[in-house]
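See structure below.
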Amino acid sequence: MTEQRKDNQSFKVSLKEKLLKIEEILYLLISLGLLIVFGLILVDGLFVLISLFDMKDISYGVVKFLDKILVALIVVELFYTVMVAILEESAIKCVEPFLLVAITALVRRLLVLTFEIAHPVVYSAERITFYLIEMGLIGLLVIIFVIAIYLFRKIRR
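Quick note, the sequence shown lines up with residues 18 to 174 if you use my numbering.
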């Protein structure tokens with residue numbers, strides 16, 4: 018009976034090691050994909066920056082360029098999160114980078130909303146109300162995530 022238990026335990030350890038190796042390979046593939054996406058976003062942002070000088074409405078071009086930069090920041094934060102997941106033993110350390118990604122994404126949406134409010138296609142009180150509600154919720158989420166990062170760092174010390 019003891020022999021069978023040792024074999025069973027040995028099999029579990031071997032399986033766990035193989036699965037962890039597969040997980041590491043998948044994280045590396047994801048990292049490579051994120052680096053490629055980051056490069057493509059930078060090239061696209063460069064084209065937007067170059068075409069900025071030919072646009073009639075420069076504010077639209079600036080917001081479009083800023084949008085590309087913020088998306089690039091989100092990709093970099095995701096890359097950092099994957100690297101933390103690969104290099105660190107504790108998965109709890111991945112929480113802070115995800116919160117930073119969330120804040121960056123929320124700020125990006127807030128900037129796009131601000132531009133849409135400043136340059137509306139159709140003036141509608143209902144649409145403006147929805148925009149303002151969304152902006153308020155985004156602001157609340159940013160505050161909550163900042164508090165979460167503060168508490169996370171305080172607890173970690």
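The C-beta atom is built at its ideal place from N, Cα and C for all residues, glycine as well. Note that this is a predicted model, so its numbers are computed, not measured.
Secondary structure within the region 54-111: the alpha helix (DSSP H) runs of 4 or more consecutive residues, fully enclosed, are 75-104 (chain order). Taking 7 angstroms as the cut-off, the beta carbon of E94 is found closer than this to the beta carbon of V118. With three or more CB-CB distances shorter than 8 angstroms, the region 153-163 counts as touching the region 115-132.
The region 20-30 makes no contact with the region 60-70: fewer than 3 CB pairs, one atom from each, lie closer than 8 angstroms. Three or more Cβ pairs closer than 8 angstroms define a contact, and the region 97-105 meets that threshold against the region 41-52.
In the three-state scheme derived from DSSP, where H, G and I count as helix and E and B as strand, S141 is classed as coil.
Leaving aside the five residues that flank L90 on each side, the residues in its chain whose CB is nearer than 8 angstroms to its CB run, in chain order, T121. With 16 or more other CB atoms across the displayed protein chains lying within 10 angstroms of its CB, T98 is buried. The Cβ atoms of F82 and L116 lie no closer than 7 angstroms to each other.
The beta-carbon distance between L128 and V80, rounded to whole angstroms, is 7 angstroms. This is short enough to meet the 8 angstroms contact definition. By the neighbour-count criterion, in which 16 or more other beta carbons inside 10 Å mark a residue as buried, I150 falls on the exposed side.
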